[in-house]
Amino acid sequence: MNTLVYIDHFKGEALPASWEAVGVGKTLGKVTALVFGAGLETLARNAFEYGVDEILLADEPDLSDYRAELYAATLKQAFTQHGCDVLLFPTTGRGRELAAMAAIDLNSAVLVDAIALEANGDKLTVTRPIYGGKVLAKVTSSLKPQIITLRGRAFPKPALQAGKSGPVTKIVAGTGALTIVEGYSTAEGGVSLTDANVIVSGGRGLSENPSLHPPAGLDAKQSEIWRAKQGFGMLKEMADAMGGAVGASRAAVDAGYVPYSMQVGQTGKLVSPNLYIACGISGAIQHLAGMRSSKLIVAINKDPEAPIFKLARYGVVGDLYQIVPALTAVFKKRLAK
Amino acid sequence: MKLVACVKTTPDTTATVKVDNGKATWGDAPLVINPWDEYAVEAALQMKEANSGTVTAISVGGEDARIALKHALAMGADDALLISDPALANIDPQAVAHILAAALQKLGGVDLAFFGRQAIDDDSGTTPAQVARLLGWPALTLVSVIKVEGSSLRVERAIEEGRQIVTAKSPAVISLVKDIGEPRYPSFMGIRRASKAEIPSWSLSQIGIPAPSNGIEYLSLENAPVREVVCEFVTGANPQEIAEDLADKIIGEKLL
Chain W
1 MNTLVYIDHF
11 KGEALPASWE
21 AVGVGKTLGK
31 VTALVFGAGL
41 ETLARNAFEY
51 GVDEILLADE
61 PDLSDYRAEL
71 YAATLKQAFT
81 QHGCDVLLFP
91 TTGRGRELAA
101 MAAIDLNSAV
111 LVDAIALEAN
121 GDKLTVTRPI
131 YGGKVLAKVT
141 SSLKPQIITL
151 RGRAFPKPAL
161 QAGKSGPVTK
171 IVAGTGALTI
181 VEGYSTAEGG
191 VSLTDANVIV
201 SGGRGLSENP
211 SLHPPAGLDA
221 KQSEIWRAKQ
231 GFGMLKEMAD
241 AMGGAVGASR
251 AAVDAGYVPY
261 SMQVGQTGKL
271 VSPNLYIACG
281 ISGAIQHLAG
291 MRSSKLIVAI
301 NKDPEAPIFK
311 LARYGVVGDL
321 YQIVPALTAV
331 FKKRLAK
Chain F
1 MKLVACVKTT
11 PDTTATVKVD
21 NGKATWGDAP
31 LVINPWDEYA
41 VEAALQMKEA
51 NSGTVTAISV
61 GGEDARIALK
71 HALAMGADDA
81 LLISDPALAN
91 IDPQAVAHIL
101 AAALQKLGGV
111 DLAFFGRQAI
121 DDDSGTTPAQ
131 VARLLGWPAL
141 TLVSVIKVEG
151 SSLRVERAIE
161 EGRQIVTAKS
171 PAVISLVKDI
181 GEPRYPSFMG
191 IRRASKAEIP
201 SWSLSQIGIP
211 APSNGIEYLS
221 LENAPVREVV
231 CEFVTGANPQ
241 EIAEDLADKI
251 IGEKLL
């Protein structure tokens with residue numbers, strides 16, 4: 001099967017799920033990468049090293065910022081010129097949106113957020129989590145091309161083949177932009193939650209350190225948030241020691257401790273790191289839905305009955321203000337390069 | 001401004017969803033407005049309050065769809081519209097997008113159509129972009145801040161790398177993330193008004209489109225595999241001992 005894979009990137013830096021999609025494409029046959037943007041020589045080189053056979057490159061200043069309508073039109077042109085049996089996207093914000101639009105533009109359907117893929121002849125069956133991962137649905141479509149988005153970290157990243165190269169075909173950008181990009185504001189620094197290998201998450205309990213004394217002049221709510229910020233700072237230190245990211249429960253976000261962008265759960269981010277350390281998180285069902293596919297789950301909680309322990313491989317019943325700093329010190333020592 | 005909030009009825013996030021005889025079931029857990037769609041209604045109400053206008057809630061579905069519409073009315077939407085037709089049993093999200101696009105056109109003069117980022121039952125998250133594409137309107141998805149500047153909209157969109165700041169002209173489709181602000185609770189008066197409201201229902205022939213066909217074939221549903229883990233509790237004489245033991249175990253899994 002001929003597969004087009006959309007390489008999602010930000011300013012020339014690919015999101016890892018793009019390469020995972022290339023890997024999936026390779027299991028189906030020839031992979032042609034769709035690379036849209038401006039100043040993308042390095043990205044194009046990387047794509048070949050991850051196993052892409054050919055690149056359709058739209059490299060123009062007009063495409064320097066992702067704009068849904070313009071990128072969708074460019075994608076439609078690429079499809080019209082090149083054709084394909086399968087069109088793969090990583091399930092990123094941009095990938096999901098473009099896949100949805102491609103399904104309209106190409107009179108097909110889109111199967112979103114696959115965690116497994118099965119080929120029966122030239123028809124692909126997708127397994128996708130629904131109801132926040134509580135149920136797995138098997139879906140397919142007879143419409144062509146088959147458009148599928150693949151969940152990040154659900155498929156292996158292909159091995160890098162240094163120096164590999166291939167043909168690049170230039171294509172022109174589509175038209176029909178409906179937005180103007182004024183700029184960006186960056187996320188709070190650090191590793192992105194959905195890409196992280198290690199996530200250290202905190203709950204409401206992070207505001208309860210009795211040995212901290214908030215500065216004078218804060219009211220009760222301000223003191224609580226101040227305490228929580230110290231608590232999340234402690235988690236950040238442990239995450240940093242492992243090159244990981246910090247997440248939070250909905251309760252911690254709703255209480256105003258940390259921004260929504262850090263929320264893990266059914267109405268937050270769905271994550272599947274190698275290691276998930278839940279600190280002071282009891283494990284509400286909607287939180288579990290967001291992190292249950294993590295490879296190794298560790299829970300630290302003062303309540304031995306907390307539901308989080310039902311998912312955890314290792315647990316500590318105790319005071320996280322004592323355990324976390326001790327654990328951070330050990331990780332710093334043991335993981336130092 | 002003519003504002004529309006597109007809403008859906010789903011099981012509550014706390015529902016224990018299980019597959020029974022090939023169908024998803026949730027026991028006696030309540031049906032609610034899709035939690036993401038509360039943000040769509042909230043954003044529409046905020047926009048009305050800042051710029052005047054009307055807010056209409058629309059839902060595609062059967063009788064259950066009225067639950068989401070009543071909630072939107074109770075929050076403060078001016079009116080509600082149900083699109084219901086026997087031909088619409090088990091339709092896929094793209095078919096819903098076709099119907100909503102046609103309904104928005106039929107309503108006419110709509111400035112902004114608000115959506116939640118996704119429905120927590122199907123988890124597709126594709127409908128806002130597809131409705132925008134079908135109408136030829138800008139798709140302003142995953143929006144956290146909206147400002148009206150003259151005839152332009154300026155929005156901040158959540159992207160993996162932070163936020164993208166974008167301007168566009170209405171009419172437009174906007175899907176919301178939580179940062180738009182906590183959805184208001186329905187007031188007592190709102191609940192009373194919603195319970196008495198007669199919600200009109202349109203059939204597909206009233207919108208003037210044939211029943212869209214499903215592109216997605218649903219083959220089977222199964223329960224997500226239960227994690228077979230038994231938690232091993234790490235204990236020790238003091239935090240240092242526990243930390244050493246736990247770190248040994250974690251590092252021993254060779255995942256770092």
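For the record, the sequence lines run as chains W and F.
Position 22 (the first sequence) corresponds to 22 in our numbering; numbering is contiguous.
Position 197 (the second sequence) corresponds to 197 in our numbering; numbering is contiguous.
A virtual CB, placed ideally from N, CA and C, is assigned to each residue, including glycine.
Computed from a prediction, not measured in an experiment: that's the story for all the values here.
Fill in: Proximal residues to Asp-12/F (C-beta, below 7 Å), its chain only, five neighbours per side dropped
If we look at Asp-12/F and ignore the five residues flanking it on each side, its Cβ neighbours are Ala-29, Pro-30, Val-32.
Worksheet item: Got a sec: is the Cβ-Cβ distance from Gly-162/F to anything in chain W below 8 Å?
Response: yes
Discussion item. Is it buried or exposed, Asp-123/F, if we count other Cβ atoms within 10 angstroms and call 16 or more buried?
Written reply: buried
Worksheet item: Whose Cβ in chain F lies nearer than 7 Å to the Cβ of Val-258/W?
Response: Below the 7 Å Cβ cutoff, chain F contributes no neighbours of Val-258/W, its closest Cβ being approximately 12 Å away.
Practice prompt. Determine the closest residue to Glu-118/W out of Tyr-66/W, Leu-150/W, Arg-94/W, Ile-300/W, with distance taken between C-alpha atoms.
Written response: Leu-150/W
Worksheet item: CA-CA distance, Val-200/W and Leu-246/F?
Response: 15 Å
Discussion item. Does any residue of chain W have a CB that is nearer than 8 Å to the CB of Cys-6/F?
Written reply: no
Item to complete: Check whether the Cβ atoms of Asn-34/F and Lys-8/F sit closer than 8 Å, and answer yes or no.
Response: Less than 8 Å divides the Cβ of Asn-34/F from the Cβ of Lys-8/F.
Worksheet entry | 9 Å Cβ cut-off: residues of chain F touching Thr-194/W | Glu-160
Worksheet item: Quick one: what does DSSP say Glu-54/W is sitting in, helix, strand or coil?
Response: strand
Worksheet entry | Closer than 8 Å to chain F by CB, Ser-261/W | yes
Worksheet entry | Paired residues, beta bridge with Arg-157/F - DSSP | Val-143/F, Gln-164/F
Discussion item. Any heavy atom of the ligand MN closer than 7 Å to the beta-carbon of Val-19/F?
Written reply: As for the ligand MN, it is missing from this structure, which has no ligand bound.
Item to complete: Give me the Cβ distance between Ser-170/F and Thr-141/F, rounded to the nearest whole Å; I'm assuming they're in contact under 8 Å.
Response: With a Cβ gap of about 15 Å, Ser-170/F and Thr-141/F do not count as contacting.
Discussion item. For a quick check, are the C-beta atoms of Arg-313/W and Glu-222/F less than 8 Å apart?
Written reply: no
Worksheet entry | Beta-bridge pairing of Phe-36/W - partner residues as DSSP gives them | Ala-58/W
Worksheet item: Going along the chain, which residues of the segment 112-145 of chain F sit with their C-beta nearer than 7 Å to a C-beta in chain W?
Response: Ile-120, Asp-121, Asp-122, Asp-123, Ser-124, Gly-125, Thr-126, Ala-129, Gln-130, Arg-133, Leu-134, Pro-138, Ala-139, Thr-141, Leu-142
Discussion item. Which residues in chain W have a C-beta closer than 7 Å to the C-beta of Leu-255/F? List them in chain order.
Written reply: Asn-274, Leu-275, Lys-295, Leu-296
Worksheet item: Is Gly-315/W close to chain F, meaning its C-beta is less than 8 Å from at least one C-beta of that chain?
Response: The beta carbon of Gly-315/W sits closer than 8 Å to some beta carbon of chain F.
Item to complete: Could you tell me how far apart the beta carbons of Val-271/W and Ser-294/W are, in whole angstroms, since I believe they sit closer than 8 Å?
Response: 7 Å
Fill in: Contacts of Phe-309/W in chain F (Cβ-Cβ under 7 Å)
Cys-231
Practice prompt. Ignore the nearest five residues each way along the sequence and tell me which others in Val-316/W's own chain have a CB closer than 6 Å to its CB.
Written response: Ile-300, Ile-323
Worksheet item: Which bits of chain W does Ile-250/F rub up against, with CB to CB less than 8 Å?
Response: The contacting residues are Leu-275, Leu-296, Val-298, Tyr-314.
Worksheet item: At what residues does the beta strand (DSSP E) containing Val-181/W begin and finish?
Response: 179-186
Practice prompt. Would you kindly check if the distance between the Cβ of Ala-168/F and the Cβ of Thr-138/F is under 8 Å?
Written response: The question names Thr, yet the displayed sequence has Pro at residue 138/F. Contact flag set, yes.
Item to complete: Compare the C-beta of Lys-269/W with all C-beta atoms of chain F and state if any pair is closer than 8 Å.
Response: no
Item to complete: Kindly say whether Gln-94/F, judged by its beta-carbon, lies nearer than 8 Å to any beta-carbon of chain W.
Response: yes
Item to complete: For chain F, find out if any of its Cβ atoms is closer than 8 Å to the Cβ of Phe-331/W; answer yes or no.
Response: yes
Item to complete: Mark Gln-81/W as exposed unless 16 or more other C-beta atoms lie within 10 angstroms of its C-beta, in which case mark it buried.
Response: By the Cβ-count criterion, Gln-81/W is exposed, with fewer than 16 other Cβ atoms from all chains shown falling within 10 Å of its own Cβ.
Item to complete: Kindly indicate which three-state DSSP category Val-110/W falls into: helix, strand or coil?
Response: strand
Discussion item. Run through chain F and tell me which residues come within less than 8 Å of Phe-10/W, C-beta to C-beta.
Written reply: Ile-159, Glu-160, Glu-161
Discussion item. Using a 10 Å radius around the Cβ and a threshold of 16 neighbouring Cβ atoms, would you call Arg-192/F buried or exposed?
Written reply: exposed
Discussion item. Which of the three DSSP states is assigned to Gln-77/W in this structure?
Written reply: helix
Worksheet item: Under a Cβ-count criterion, where at least 16 other Cβ atoms within 10 Å of its own Cβ denotes burial, should Tyr-185/F be classed as buried or exposed?
Response: Under this definition Tyr-185/F is an exposed residue.
Worksheet item: First and last residue of the beta strand (DSSP E) that includes Ile-33/F?
Response: 31-33
Practice prompt. Output yes if chain F places a C-beta closer than 8 Å to the C-beta of Thr-179/W; else output no.
Written response: yes
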